[in-house]
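Quick mapping for you: the protein sequence lines, in order, are chains C and B. The first sequence lines up with residues 1 to 105 when you count with this note's numbering. The second sequence lines up with residues 1001 to 1116 when you count with this note's numbering. The beta-carbon is built from N, C-alpha and C at its ideal position, and this holds for glycine as well.
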Amino acid sequence: GQQVMQIPQYQHVQEGEDFTTYCNSSTTLSNIQWYKQRPGGHPVFLIQLVKSGEVKKQKRLTFQFGEAKKNSSLHITATQTTDVGTYFCRHGYIFGTGTRLKVLA
Amino acid sequence: NAGVTQTPKFRILKIGQSMTLQCAQDMNHNYMYWYRQDPGMGLKLIYYSVGAGITDKGEVPNGYNVSRSTTEDFPLRLELAAPSQTSVYFCASSYPDRVLSGTEAFFGQGTRLTVV
């Protein structure tokens, strides 16, 4: 079945450092969604990308969809402690494996 | 607007017992989903439904059953609970659209189930 892999699995950063997580698929994706799950919480939708090469920004978060629509990335500039959590990509019903972010103050 | 409501929030079951996890949404979403999330892991799709009367298996359906008699409700039934079913269960729903064209999924708060 379809698999969407995310790297890295874990990332620890100092507050103020940047963070990037990558989502990769072996097949072309019609769209990709990104979710954030705080510790002990439920996934919350962040954004959806649909077009090849699309880039969207939400404050310190930048989302990209690859030209071939087989990969995507989420970049956080100058991380804050409020960024702590697990970031998942999702296509259709299937979630990626997730990247757990810890921010050290 | 309540969104997606799951009950109960916590439950401890003994091996072999059965239970139903309730999920209700008030957003008139056609699509509903059940996921499980093991500690420190990702979300695995158990079952999904694209409308009342229609259900389909996901990645990990064994040991579970679902029904969808109304648009609002999508209960998940566990028969003969096993320790391997200890997990956090999330119900979600999304707008009526072709799933692969992508629409935002709204999640409930989750049910934390322990089987001992």
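Query, Result
"Between 1083/B, 1081/B, 1064/B, 1031/B, which has its C-alpha nearest residue 1054/B's C-alpha?", "1031/B"
"Taking residue 11/C and residue 99/C to be in contact with their CB atoms under 8 Å, please state how far apart those CB atoms are, rounded to whole angstroms.", "6 Å"
"Since I believe residue 88/C is in contact with residue 1016/B (beta carbons under 8 Å), could you give me their beta-carbon distance rounded to a whole number of angstroms?", "Not quite, the Cβ-Cβ distance comes to about 33 Å (not below 8 Å), so this is no contact."
"Please identify the residue among 15/C, 37/C, 16/C, 14/C whose C-alpha is closest to the C-alpha of residue 90/C.", "37/C"
"Residues of the stretch 75-86 of chain C with a CB closer than 9 Å to any CB of chain B: list them in chain order, please.", "86"
"Can you pull the chain C neighbours of residue 1052/B, defined as C-beta to C-beta under 8 Å?", "Here the premise fails: no neighbours, minimum Cβ distance about 18 Å."
"Say whether chain B places a C-beta atom closer than 8 Å to the C-beta of residue 3/C.", "no"
"Between the Cα of residue 1064/B and the Cα atoms of 1095/B, 1080/B, 1023/B, which residue gives the shortest distance?", "1080/B"
"Pick from 1111/B, 1073/B, 1018/B, 1058/B: whose alpha carbon is nearest that of residue 1087/B?", "1111/B"
"What does the Cβ neighbour count give for residue 1045/B, buried or exposed, with the cut at 16 atoms within 10 Å?", "buried"
"Skipping 5 residues on each side, what residues in its chain have a beta carbon closer than 7 Å to that of residue 1011/B?", "1019, 1111, 1113"
"Which residues in the same chain have their Cβ closer than 8 Å to the Cβ of residue 102/C, if we skip the five residues on either side of it in sequence?", "10, 11, 12, 13, 84"
"Nearest to residue 1073/B by alpha carbon, out of 1108/B, 1116/B, 1036/B?", "1108/B"
"Strictly by DSSP, which residues pair up with residue 104/C?", "14/C"
"Measuring only from the beta carbon, is residue 19/C closer than 7 Å to any heavy atom that is part of the ligand GDP?", "Of ligands this structure carries none, so the ligand GDP is not represented either."
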